[in-house]
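Everything on this sheet refers to the single structure shown next.
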Amino acid sequence: MRKEKLSFDELSIERCEKETDELIKKESVSFLKELLGYLNSHKNEYIFLEADWFDAIRIDGLTLEKDDVFGNYDAMFGLKLQKKYRKEMEAFLDRTLQGEKSYDLLFNGEDGLWDVNISINDLPSYKEDMSLRDAIENIYVYLLELIEETAEKK
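Convert by adding 585 to the 1-based position in the sequence shown; the result is the number in the numbering used here.
Following this line, the structure appears as structure tokens:
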């Protein structure tokens, strides 16, 4: 499996208000040393991330937040995969996610993207004390595997 060295210095990091989507603050890469639990103590916020290297995992941006209802840490993104891969995507998620296997897939025909929401808590690599940086790296590797097993396998 290919795993490039991720350049976190290129990452755009924004903390935003959940209710209004207003920018709270643009953060430097050092912010990613914070534990994922940061989202637990700042439930009114989400973190929006963008990087050129997201192209390798076919996403434009990544949002991390604490789910208000279920209490999980969520990763949300638009995934550039054709609609015909639904069955393969669901099979991969069902087989690899742990615990509740909490995810949502919705194909958005307007922009041709899958709106995806995955519980970070259900990733095989999840650890309660992981940093935001670790979470991003784990999501990156997980999505590489998803793409390799679905779209690139065909």
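By construction, the Cβ of each residue, glycine as well, lies at the ideal position given by its N, Cα and C atoms.
Compare the C-alpha of residue i against each of the options and name the closest.
i      : options                        : result
PHE655 : ASP637, GLY684, GLY694         : GLY684
ILE769 : SER613, THR735, TYR670         : The structure shown does not extend to residue 769, since the chain is modelled only from 586 through 739, so no value can be given for it.
GLU673 : ILE732, ASP606, ILE598         : ILE732
SER704 : ASP640, SER687, ILE598, GLU675 : SER687
SER716 : GLU619, LEU608, GLU602, ASP640 : GLU619
GLY694 : LEU666, GLU630, LYS712         : LEU666
LEU647 : ASN702, LEU729, LYS712         : ASN702
ASN629 : LEU617, SER615, ASP606, ASP696 : ASP606
Measure the alpha-carbon distance for residue i versus residue j and round it to whole angstroms.
i      : j      : result
ARG587 : ASP719 : Caution applies to ARG587, whose pLDDT of 46 falls short of 50 and renders its modelled position unreliable; the model cannot decide the point.
HIS627 : LYS610 : 13 Å
ASP561 : GLU604 : The requested residue 561 is not part of the displayed model; the chain covers only 586 to 739.
THR681 : TYR725 : 15 Å
ASP637 : LEU591 : 10 Å
GLU675 : ARG643 : 17 Å
SER710 : ASN723 : 7 Å
ASP700 : ASP679 : 17 Å
GLY622 : LYS668 : 34 Å
ASP664 : ASN625 : First, the amino acid is wrong: residue 664 is Leu here, not Asp. Rounded to the nearest angstrom, the two C-alpha atoms are 26 Å apart.
ALA736 : PHE677 : 12 Å
ASP594 : ASP714 : 23 Å
CYS601 : LEU608 : 4 Å
GLU599 : PHE639 : 16 Å
ASP696 : PHE662 : 13 Å
When DSSP builds the beta bridges, which residues end up paired with residue i?
i      : result
TYR658 : LYS651
ARG600 : LYS610, ILE632
ASN723 : According to DSSP, ASN723 bridges with nothing at all.
Determine whether the Cβ of residue i lies closer than 7 Å to any Cβ atom of chain B.
i      : result
ILE598 : In the structure shown, chain B cannot be found, because there is only a single protein chain.
Using beta-carbon positions only, say whether residue i and residue j come within less than 7 Å of one another.
i      : j      : result
LEU634 : LEU690 : no
ASN706 : TYR658 : yes
LEU649 : ALA641 : no
TYR727 : LEU698 : no
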